[in-house]
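Asker: Can you keep this structure in mind? I'll have questions shortly.
Number of protein chains: 2
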Amino acid sequence: MAKKNAFYAQSGGVTAVINASACGVIETARKHKDKIGKVYAGRNGIIGALTEDLIDTSKESDKAIAALRHTPAGAFGSCRYKLKGLEENKAQFERLIEVFKAHNIGYFFYNGGGDSADTCLKVSQLAETMGYPIQAIHVPKTVDNDLPITDNCPGFGSVAKYIAVSIREAGFDVASMCKTSTKIFVLEVMGRHAGWIAAAGGLAAEKESDAPHLILFPEITFDESAFLAKVDDAVKQYGYCAIVVSEGVKNKAGEFLAETGTRDAFGHAQLGGVAPVVAQLIKDKLGYKYHWAVADYLQRAARHIASKTDVDQAYALGKAAVELALKGKNSVMPAITRVSDKPYKWKLGEAPLKDVANKEKFMPRQFITRDGFHITDACRTYLSPLIKGEDYPPYKNGLPDYVKLKNAAAPKKLQDEFSV
Amino acid sequence: MAKKNAFYAQSGGVTAVINASACGVIETARKHKDKIGKVYAGRNGIIGALTEDLIDTSKESDKAIAALRHTPAGAFGSCRYKLKGLEENKAQFERLIEVFKAHNIGYFFYNGGGDSADTCLKVSQLAETMGYPIQAIHVPKTVDNDLPITDNCPGFGSVAKYIAVSIREAGFDVASMCKTSTKIFVLEVMGRHAGWIAAAGGLAAEKESDAPHLILFPEITFDESAFLAKVDDAVKQYGYCAIVVSEGVKNKAGEFLAETGTRDAFGHAQLGGVAPVVAQLIKDKLGYKYHWAVADYLQRAARHIASKTDVDQAYALGKAAVELALKGKNSVMPAITRVSDKPYKWKLGEAPLKDVANKEKFMPRQFITRDGFHITDACRTYLSPLIKGEDYPPYKNGLPDYVKLKNAAAPKKLQDEFSV
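Taken in sequence, the protein lines are chains A and B. Under this note's numbering, the letters of the first sequence match residues 1 to 420, in that order. Under this note's numbering, the letters of the second sequence match residues 421 to 840, in that order.
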């Protein structure tokens, strides 16, 4: 096997542990210098490949690369950019081959979710479709936890832990205040299409009296009167009600609840999130004083409270991707297989990319209680191991000591510019 | 000195470390059983005293009390309730004396902010005004950091750490995404009157290019055009702009910015927070894609990322309050004195309650840069030690193992009810 260089890039929304996968890829590649030359990282995902904006990761020290394991977000820049089909935009693929050839790239590692898996799949077919020999391996990543085949997705476990910890803490707060002040707390979480993250908040409630008392899922059409009755019950029984609401909750008309309530001074919708809408509804109908929070990027960037399971898996998947490449594989994604729930055991397998790309895994209905407002024991059994363990970053001056890489550009070898 | 029982209560908005002060009070009292009998906690602050709803903390194990040190919020319930003056409502004071007498209470420990210090001051005067011998000691607590005399207030350091960590993490996230997606991130933080918490976000920016690039303080009137110019500069220079905004920011007309932008479907103001207003303004005027977060209670309940300095001080102040009582003191508050900045050293002194009650300490103008959008080195020197060190709670099943006390009520001794 002739020695080839590798290309690695990050794609889509970033997570607390995508850099742990980058760390796994680069550290493993460095251990196989006989087969893998340099690892070039795409600056801002696939855009870096198209524009020949390659970061020479060999300029980074072992220590800096090791620090990626505890650093959130995408160290090389990510992108929201999907390659079109070969027929629609052959120029893009010709350009990729040109860049790969110029830099002797034979391995392509793409770190992202379902859309990105589609990009990776298209690259993996370059040998077949355009005669350029490349091995493309996808490294799974998404806080949405919606990739098929893999038991769970790196990035999700840490968001899940953050949300469960946060609603537990806020629940303790409201419980203290509810006698004379706030009785309602609403936490808005990510998940436009699937309720995995909202469900994770449910882990904080080990007893019925614990926060959160209610969860609103995108999978369940919002039923205002049933919801208000449940809220009132909780306040009457426990003195307060803590609610986790997914940004993707819709009403009977199929509209996002977030867009139904708020208008800015000019009448534009979608200024606020769904949390204030739900909180205000409760105030209007039941009269309870509320507080609400929108975690937004804080939830997916919260490396300070990352799940150890998640970090370990993210690293292992990066490592496995390189090992699959060394075994001569193409068009695959390393995937997590759950061996047992208690004790939690997992191993890595592999999935063909054609079965991964553009496919979404939804939350099973049996993970949501019959009334639609909480999670079932089956859901707990699935989710619980994913938030297990802490993996604290080092601190300096009271703050996490995250690494910023030098990200030195590899000298360009091509004359022409390519605009994306 | 005849053996007397003690009363302890929590007041006002809770914090990540107010229970650490409770732990300091109760553990220290338990070490002086010759002088202090039981510690009764007021259920929901002073209301517990007025309604004779006393929690017998002797029913809690040493282990449970020790766990208060790592448990956020108010374990006995807090309240927003201010005693009126003696002239206005003598009945309240007579009732307090009746309850204290019935339960042989000679020590009164009140854990709260400026308003609560006023309550504590009034109780401390009961000996003088109504002939009931009591020693009242205030234990400082407030995330607002606005109590006078004490160098800083327990509860603030942990919020400060949470905000600095969060904006650093979100900054890393946006930096990854800004090439093709989000360019603006706005984090709203607490602080209706003073910008201490917003200022703490500034600690995350160790270089000019670091997040947050801009801070909006309640002390500085919002100047839209200067602000927008700064935002645009940051995006052009760094690719993105991360902003910390205090909920208390006001415009030139003296209105809260939070109330100027949002209207619900019925035209009501104040549905949203200030973060979406600022984000939407940037979108409207500069066209940049944004994300925003409102941390709300998450910030003050975040015991999982508490500052070790803060936890240590909260505990020490609880302990010191009991020791002051044992020395025969009345109408005082233990206070933190800063001995040196680097290395950070502090010790405890005491402050007369009359100098503490109803007085606010504002942020010095020299802590804010001349342009009004960031913190100065003097501010960093002050804030930095307050977020130093981590003090992680224990975890169980991936979640912080916070204690819920039994909170058994002490049998009532009085016949009559008292309504508050």
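Cβ atoms here follow ideal geometry from the backbone N, Cα and C, with glycine treated the same way.
At least one CB of chain A closer than 9 Å to the CB of Asp535 of chain B: is that the case?
Answerer: no
Asker: Starting from Tyr153 of chain A, find everything on chain B with Cβ-Cβ shorter than 7 Å and list it in chain order.
Answerer: It should be pointed out that residue 153 of chain A corresponds to Cys in this sequence rather than to Tyr. Residues of chain B passing the Cβ test: none, with the nearest at roughly 17 Å.
Asker: Can you give me the C-alpha to C-alpha distance between Phe605 of chain B and Gly693 of chain B, rounded to a whole angstrom?
Answerer: 14 Å
Asker: Going by DSSP, what residues sit across from Gly465 of chain B in a beta bridge?
Answerer: None, per the DSSP bridge assignment.
Asker: Would you mind reading off the limits of the alpha helix (DSSP H) that contains Gly349 of chain A?
Answerer: Note, Gly349 of chain A: premise wrong, no alpha helix (DSSP H); beta strand (DSSP E) at 345-352.
Asker: Please tell me whether Ser586 of chain B has its Cβ less than 9 Å away from any Cβ of chain A.
Answerer: For Ser586 of chain B, the answer is yes, since a Cβ of chain A falls inside 9 Å of its Cβ.
Asker: Report the residue from B:Phe528, B:Phe529, B:Phe637 whose alpha carbon sits nearest the alpha carbon of Ala695 of chain B.
Answerer: B:Phe637
Asker: Does DSSP put Pro696 of chain B in a helix, in a strand, or in coil?
Answerer: helix
Asker: Counting only beta-carbon atoms, is Ile47 of chain A nearer than 9 Å to chain B?
Answerer: yes
Asker: Please compile the residues from chain B whose C-beta is within a distance smaller than 7 Å of the C-beta of Ala170 of chain A.
Answerer: Going along chain B in sequence order, the residues near Ala170 of chain A (Cβ under 7 Å) are Tyr717, Leu718, Ala721.
Asker: For Gln366 of chain A, is the classification buried or exposed, using 16 other Cβ atoms within 10 angstroms of its Cβ as the cut-off for buried?
Answerer: So Gln366 of chain A counts as exposed.
Asker: In the segment 153-236 of chain A, which residue ranges form an unbroken beta strand (DSSP E) of at least 3 residues, counting only runs that do not cross its ends?
Answerer: 184-189, 214-216
Asker: Check whether the Cβ atoms of Asp296 of chain A and His633 of chain B lie closer than 9 Å to each other.
Answerer: no
Asker: Go ahead and label Gly85 of chain A buried or exposed: buried means 16 or more other beta carbons lie within 10 angstroms of its beta carbon, across all protein chains shown.
Answerer: By the 10 Å Cβ count, Gly85 of chain A comes out exposed.
Asker: Would Glu628 of chain B count as contacting chain A if we go by Cβ distances under 9 Å?
Answerer: no
Asker: Provide the residue(s) that pair with Asp244 of chain A in DSSP beta bridges, ordered along the chain.
Answerer: Correcting the residue identity first, residue 244 of chain A is Val in this sequence and not Asp. Answer is A:Leu187, A:Ile215.
Asker: Note down, in chain order, all residues in the segment 32-57 of chain A with a beta-carbon under 9 Å from any beta-carbon belonging to chain B.
Answerer: Residues of the segment 32-57 of chain A whose Cβ lies closer than 9 Å to any Cβ of chain B, in chain order: Arg43, Asn44, Gly45, Ile47.
Asker: Comparing C-alpha positions only, which one of B:Leu834, B:Ile795, B:Tyr822 sits nearest to Leu488 of chain B?
Answerer: B:Tyr822
Asker: List the endpoints of the continuous beta strand (DSSP E) containing Tyr710 of chain B.
Answerer: 710-714
Asker: Tell me, which residues are paired with Ile788 of chain B by DSSP?
Answerer: B:Ile795
Asker: With DSSP as the reference, label Ser727 of chain B as helix, strand or coil.
Answerer: strand
Asker: Please tell me whether Glu27 of chain A has its Cβ less than 9 Å away from any Cβ of chain B.
Answerer: no
Asker: Let me confirm a value: Phe423 of chain A is counted as buried when at least 16 other C-beta atoms fall within 10 Å, else exposed. Which label applies?
Answerer: The shown model of chain A, from 1 to 420, leaves out residue 423 of chain A, and the question about it has no answer.
Asker: Using a Cβ cut-off of 7 Å, pull out every chain A residue sitting near Arg500 of chain B, in sequence order please.
Answerer: Thr180, Ser181, listed in chain order.
Asker: Beta-carbon separation of Ile569 of chain B and Met783 of chain B under 9 Å?
Answerer: no
Asker: Can you give me the C-alpha to C-alpha distance between Thr549 of chain B and Asp643 of chain B, rounded to a whole angstrom?
Answerer: The straight-line gap from Cα to Cα measures roughly 51 Å.
Asker: For Pro385 of chain A, count neighbouring Cβ atoms within 10 angstroms of its own Cβ and tell me buried if that reaches 16, exposed if not.
Answerer: buried
Asker: In chain A, which residues lie with their C-beta within 8 Å of the C-beta of Ser804 of chain B?
Answerer: Asn397, Gly398
Asker: Please classify Leu405 of chain A as buried or exposed, where buried requires at least 16 other C-beta atoms within 10 Å of its C-beta.
Answerer: buried
Asker: List the residues of chain B that Glu390 of chain A touches, going by C-beta distances under 8 Å, in chain order.
Answerer: Within chain B, the residues whose beta carbon sits less than 8 Å from that of Glu390 of chain A are Tyr812, Tyr815, listed in sequence order.
Asker: Going by C-alpha to C-alpha distance, which of B:Ala493, B:His523, B:Pro553 sits closest to Gly468 of chain B?
Answerer: B:His523
Asker: Could you confirm whether any beta carbon from chain A is found closer than 9 Å to the beta carbon of Val559 of chain B?
Answerer: no
Asker: Do the segment 722-729 of chain B and the segment 607-627 of chain B touch if we need at least three Cβ pairs shorter than 8 Å?
Answerer: no
Asker: Are Asp538 of chain B and Lys561 of chain B closer than 9 Å when you measure CB to CB?
Answerer: no
Asker: Could you tell me the alpha carbon to alpha carbon distance between Tyr392 of chain A and Ala721 of chain B, rounded to whole angstroms?
Answerer: 19 Å
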